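Asker: Take this structure, written in structure tokens, and hold onto it; I'll ask about it next.
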Amino acid sequence: MASLWRYLLAGLGLAALLAGILAIVYLTAPQSAPGPDVSRSKKTANGLFVASFQPERGVIKQGELQSWLLTLKTVKGDPVEGAAISVSGGMPQHNHGLPTSPQATDYLGEGRYRIEGLKFTMSGVWQLRFAISAAAGSDTVVFNVVL
1 MASLWRYLLA
11 GLGLAALLAG
21 ILAIVYLTAP
31 QSAPGPDVSR
41 SKKTANGLFV
51 ASFQPERGVI
61 KQGELQSWLL
71 TLKTVKGDPV
81 EGAAISVSGG
91 MPQHNHGLPT
101 SPQATDYLGE
111 GRYRIEGLKF
121 TMSGVWQLRF
131 AISAAAGSDT
141 VVFNVVL
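Counted the way full-length UniProt numbering counts, the sequence shown spans residues 1 to 147.
What follows is the structure in structure tokens.
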């Protein structure tokens, strides 16, 4: 009977040792880096505006010219009218800019601006930077688009 208890205690000790090793491996393993922020609505860098960005037709297409809508509101929720908007961007991981020169072409009311001439030529992470100048001041916002 004593021999059975020795085997049982040895087995429990071995199980505890294995559990400890697994815990150490798990806790010291490199953590995966978080992916890019792909939110479609956010405050601008200096907090002057809340910007939302979405494809006009609801679908992101690779290799096609497309229009997107940039909606600008004040932090109180009022539409931003008469804003001057410039667009730049590219693929930071590939170190190149946009293949086209997107422009804010139309003001559609309620703080919505049409951005035309966007083209994503390959899959990956694209960044779109908007410089916004309006009555409240100048600010910027960056959106990530992942294809």
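Heads up, the beta-carbon is just placed ideally off N, CA and C, and yes, glycines get one too.
Please read all numbers here as calculations on a predicted model, not as lab measurements.
#1: Provide the residue(s) that pair with Met122 in DSSP beta bridges, ordered along the chain.
#2: With respect to 8 Å, is the separation between the Cβ of Ser133 and the closest non-hydrogen atom of the ligand ATP below this value?
#3: Beta strand (DSSP E) containing Gln54: first to last residue?
#4: Indicate the three-state DSSP secondary structure (helix, strand or coil) for Gly63 in the structure shown.
#5: Looking only at C-alpha atoms, which of Val59, Glu81, Phe130, Gln93 sits nearest to Ser101?
#6: Consult DSSP for Ser39 and reduce its assignment to one of helix, strand or coil.
#7: Can you list, in chain order, the residues of its chain whose CB lies under 8 Å from that of Leu108, leaving out five sequence neighbours each side?
#8: What is the DSSP secondary structure of Ser3, counted as helix, strand or coil?
#9: Where do the N-terminal and C-terminal ends of the beta strand (DSSP E) with residue 155 fall, by residue?
Answerer: Based on what the coordinates show:
#1: Within the sequence shown, numbered from 1, the residue matching residue 122 stands at position 122. Residue pairing by DSSP leaves Met122 without any beta bridge partner.
#2: The ligand ATP is not among the ligands present in this structure, which contains no ligands whatsoever.
#3: Looking up residue 54 in the sequence shown gives position 54. From DSSP, the beta strand (DSSP E) with Gln54 extends over 49-55.
#4: Along the sequence shown, read from residue 1 onward, the residue named residue 63 stands at position 63. Here Gly63 sits in coil by DSSP.
#5: Position 101 of the sequence shown holds residue 101. It is Phe130.
#6: Sequence index remark: in the sequence shown, residue 39 carries index 39 (1-based). Looking at Ser39 - three-state DSSP - the assignment turns out to be coil, as it is neither helix nor strand.
#7: Your numbering for residue 108 matches position 108 in the sequence shown. Answer for Leu108: Leu69, Arg114, listed in chain order.
#8: The residue given as residue 3 occupies position 3 in the sequence shown. The answer is helix: DSSP assigns Ser3 an H, G or I state.
#9: The requested residue 155 does not occur in the structure, where the chain is confined to residues 1 to 147.
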